[in-house]
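Using this note's numbering, you'd call the opening residue of the sequence shown number 1324 and step up by one each time.
Structure first, then comments.
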Amino acid sequence: MQVTILGTGNIGGNLGQALAAKGHQIVYGVRDPNSPKTQAALNALGSAAKVTTVAEAVKASDLIFLALPWQALPEVLQSAGDLTGKTLVDCTNRVGVPLQAGHSSLEEVARLAPGAHVIKTFNTVAAETFHKPQFGQTRASMFYCGDEAGAKASVKQLGEEIGYEMYDLGGLANGYLMDALFQTWITLAMGNKLGRRLALKVLTTQDDL
Ligand SMILES: NC(=O)c1ccc[n+]([C@@H]2O[C@H](COP(=O)([O-])OP(=O)(O)OC[C@H]3O[C@@H](n4cnc5c(N)ncnc54)[C@H](OP(=O)(O)O)[C@@H]3O)[C@@H](O)[C@H]2O)c1
């Protein structure tokens, strides 16, 4: 399928490569087609990717990944055109804001993009591990949150294609869980000095304990 990614940095570039490896066509929406990040992303993907403006990239696909700095979202979403009915997959992380129900980063994005189906996922991962979500024999878990069932099904499918084990954490009102998982991830990576090649894993057992 044709997938739009806004941003060509660490997340945009690596996500584009992971999706293109599964046969998807990538349309990058950028502010500067000559930026070093955009040129690197295009060079890595060859004919699997093309680049255009943010507004044209949004028109090109119904599935749009936000791979931008958190601070850029108001400006970029303002310039994106009509987002009604589009699935917006928010991969950003907002740093330095305490957790507060009703004010999660996901809910903030939903307020910036009225009419869009906003899903948050892929924010508890280091971009360079998109290519290989297997850690030894173990598949990494990935989480997603949002209100619209069809949009969530698409995101789940793409995540599974890349290789993640996908878990639905509920609707927009549960968005704070995604922020909490990011804060958990960064605390493990930095505070516990585990480094960036780190993923979260859900374990279950059917055994009687
Ligand atoms: N890096 C990770 O491992 C990781 C993991 C999980 C989540 N995230 C989150 O993912 C988001 C992207 O992170 P990243 O590491 O990919 O950032 P990055 O490498 O700095 O790339 C940012 C991209 O956004 C573009 N951009 C910045 N401001 C823009 C604007 N005003 N209008 C249009 N495009 C703009 C940049 O364009 P130019 O090329 O023109 O500068 C660049 O392509 C962040 O919110 C981050 O918290 C990152």
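Ideal placement from N, C-alpha and C gives every residue a C-beta, glycine not left out.
Margin query: With three or more C-beta pairs closer than 8 Å as the rule, is the stretch 1342-1356 touching the stretch 1364-1379?
Written below: yes
Note to self: Let me confirm a value: methionine 1465 is counted as buried when at least 16 other C-beta atoms fall within 10 Å, else exposed. Which label applies?
What the structure shows: buried
Next item on the list: Indicate the three-state DSSP secondary structure (helix, strand or coil) for tyrosine 1351 in the structure shown.
Entry: strand
Item checked: N- and C-terminal bounds of the alpha helix (DSSP H) containing glutamine 1480 -> 1472-1485
Margin query: Under 7 Å: does the beta carbon of proline 1456 sit that close to some heavy atom of ligand 1?
Written below: no
Next item on the list: In angstroms with no decimal places, state the Cα-to-Cα distance between glycine 1493 and proline 1421.
Entry: 20 Å
Margin query: Can you tell me which residues form a DSSP beta bridge with valine 1326?
Written below: Ile1349
Notebook entry, point to check: Are the Cβ atoms of alanine 1450 and asparagine 1357 separated by less than 8 Å?
Noted result: no
Checklist line | Under 8 Å between C-beta atoms of leucine 1396 and leucine 1435 | finding: yes
Check: Tell me which same chain residues have a C-beta within less than 8 Å of the C-beta of glutamine 1457, skipping the five on either side of it?
Finding: Ala1463 and Gly1486
Checklist line | Selected residue, minimal CA-CA separation from lysine 1345, among Leu1526, Gln1480 and Leu1365 | finding: Gln1480
Notebook entry, point to check: Which class does leucine 1597 belong to by DSSP, given the choice of helix, strand or coil?
Noted result: The question about residue 1597 has no answer, for the chain in this structure spans 1324 to 1532.
Next item on the list: Provide the residue span of the alpha helix (DSSP H) that contains valine 1381, from first to last.
Entry: 1377-1383
Next item on the list: Please state whether DSSP places threonine 1361 in a helix, a strand or coil.
Entry: helix
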